[in-house]
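Visitor: Here it is: the structure, laid out below.
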Amino acid sequence: MYNKLLACVNSVKEKVDFQPEVGMILGSGLGDYANDIEIVDTIEYTDIEGFPISTVKGHAGRFVFGYVGKIPVVIMQGRVHFYEGYQMSDVVLPTRLMGMLGVKKLILTNAAGGSNENYKPGNFMMITDHITTGIPSPLIGPNLEELGPRFPDMSEVYSKRLQEVIRNSAKACNIELQEGVYVQFSGPNYETPAEIRLAQRWGGDAVGMSTACEAMAARHMGIEVCGISCITNMAAGISKVELDHKEVQETADRVSNDFKKLITNIVENM
1 MYNKLLACVN
11 SVKEKVDFQP
21 EVGMILGSGL
31 GDYANDIEIV
41 DTIEYTDIEG
51 FPISTVKGHA
61 GRFVFGYVGK
71 IPVVIMQGRV
81 HFYEGYQMSD
91 VVLPTRLMGM
101 LGVKKLILTN
111 AAGGSNENYK
121 PGNFMMITDH
131 ITTGIPSPLI
141 GPNLEELGPR
151 FPDMSEVYSK
161 RLQEVIRNSA
171 KACNIELQEG
181 VYVQFSGPNY
191 ETPAEIRLAQ
201 RWGGDAVGMS
211 TACEAMAARH
221 MGIEVCGISC
231 ITNMAAGISK
241 VELDHKEVQE
251 TADRVSNDFK
261 KLITNIVENM
């Protein structure tokens with residue numbers, strides 16, 4: 001796996017001469033943010049040797065290199081999911097690649113279902129912690145000693161320092177901010193009402209099919225992590241209608257301007 005990762009890193013460096021400080025992974029419906037930064041270069045996932053390819057509608061499938069203000073960033077415009085059939089080591093390969101390109105801080109975003117009944121579609125939730133009981137750890141298997149320790153601490157996956165930055169940015173942008181625990185399930189099916197009740201009893205406020213595994217891989221490498229969920233729908237058993245990916249994209253589109261303002265303010269104050 002480490003040799004595969006090195007091949008991907010070398011493939012990117014052969015095509016792009018840019019060193020980012022901040023990395024971002026944009027979730028369903030949120031990818032347009034990358035189009036509005038000062039773009040220096042882009043590279044399609046298909047042009048990277050051995051790189052897993054995103055197959056989900058609404059995920060463009062490329063890295064965007066450029067600047068948010070004066071901050072050099074690399075943005076994943078579309079992510080890879082476990083439910084697409086990839087091994088978990090491949091799902092987190094892009095996160096590890098960004099770390100090896102020089103990223104020290106990582107912003108994870110996603111579209112999520114609200115399991116906290118006080119939430120409503122269109123809310124942003126800052127992730128304060130996560131639960132990954134429903135998926136295999138991305139660190140299973142031989143440890144990649146070049147990246148981090150065999151038994152990494154996960155007592156602060158989401159940086160308390162960056163959480164305060166997000167709170168301040170939300171206030172500055174006059175955006176309502178929820179705070180809560182994110183639960184990652186495998187997907188691709190939406191969760192059942194019974195699974196949502198379980199997530200609620202665990203203390204989960206939002207559910208989704210990504211993000212937490214990437215956060216774990218990043219922390220293994222010593223990257224400082226923060227995360228924001230866009231609550232695009234209420235979860236099964238709470239919502240009175242059938243869940244549909246179209247609703248996810250429509251809600252993300254509706255709040256896209258607020259999302260762009262918030263993320264830009266966060267990056268500039270990290």
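Residue numbers for the sequence shown follow UniProt numbering, beginning at 1 and rising by one.
Backbone N, C-alpha and C fix where the C-beta goes; we use that ideal spot for every residue, glycine too.
Just the Cα atoms here: how many angstroms apart are Ser256 and Gly31?
Guide: In the sequence shown, residue 256 corresponds to position 256, counting from 1. In the sequence shown, residue 31 corresponds to position 31, counting from 1. Each residue's alpha carbon lies about 9 Å from the other.
Visitor: Check whether the Cβ atoms of residue 312 and Gly23 sit closer than 8 Å, and answer yes or no.
Guide: Here the chain has residues from 1 to 270 only, and residue 312 is not among them.
Visitor: Roughly how many whole angstroms lie between the Cα atoms of Gly204 and Val181?
Guide: Locating residue 204 in the sequence shown gives position 204, counting from the first residue. Locating residue 181 in the sequence shown gives position 181, counting from the first residue. So the alpha carbons of these two residues sit roughly 5 Å apart.
Visitor: Can you tell me where the beta strand (DSSP E) with Arg62 in it begins and where it stops?
Guide: On the sequence shown, position 62 is the one that residue 62 refers to. Arg62 to Val68 is the extent of the beta strand (DSSP E) around Arg62.
Visitor: Between Met88 and Pro138, how many whole angstroms is the CB-CB distance? I'm expecting something under 8 Å.
Guide: Looking up residue 88 in the sequence shown gives position 88. Looking up residue 138 in the sequence shown gives position 138. Here Met88 really is in contact with Pro138; their C-beta atoms are around 5 Å apart, less than 8 Å.
Visitor: Excluding the five sequence neighbours on either side, which residues of its own chain have a C-beta within less than 8 Å of the C-beta of Asp258, listed in chain order?
Guide: As a working note, residue 258 is residue 258 in the sequence shown. Counting only Cβ-Cβ distances below 8 Å, and skipping sequence neighbours, we find Phe124, Cys173 and Ile175.
Visitor: I need the straight-line Cα distance from Pro136 to Trp202, nearest angstrom please.
Guide: Counting from 1 along the sequence shown, the entry for residue 136 is found at position 136. Counting from 1 along the sequence shown, the entry for residue 202 is found at position 202. Roughly 18 Å separates the two Cα atoms.
Visitor: Quick one: residues in its chain with C-beta nearer than 7 Å to the C-beta of Met221, no 5 flanking neighbours on either side, listed in chain order?
Guide: Your numbering for residue 221 matches position 221 in the sequence shown. Spatial neighbours of Met221 in its own chain (CB-CB distance under 7 Å, excluding positions within 5 residues in sequence) are listed in chain order as Arg96, Gly99, Leu147 and Gly148.
Visitor: Taking the continuous alpha helix (DSSP H) assigned at Tyr2, which residues delimit it?
Guide: Here residue 2 refers to the residue found at position 2 of the sequence shown. It spans Tyr2 to Lys15 - the alpha helix (DSSP H) in which Tyr2 sits, taken as one unbroken run.
Visitor: Whole angstroms is fine: what's the gap from Gln200's alpha carbon to Lys15's?
Guide: The count along the sequence shown starts at 1 and reaches residue 200 at position 200. The count along the sequence shown starts at 1 and reaches residue 15 at position 15. Taking the straight line from one Cα to the other gives about 46 Å.
Visitor: For Leu162 versus Glu224, is the C-beta spacing smaller than 8 Å?
Guide: By one-based count along the sequence shown, residue 162 stands at place 162. By one-based count along the sequence shown, residue 224 stands at place 224. For Leu162 and Glu224, yes; Cβs fall inside 8 Å.
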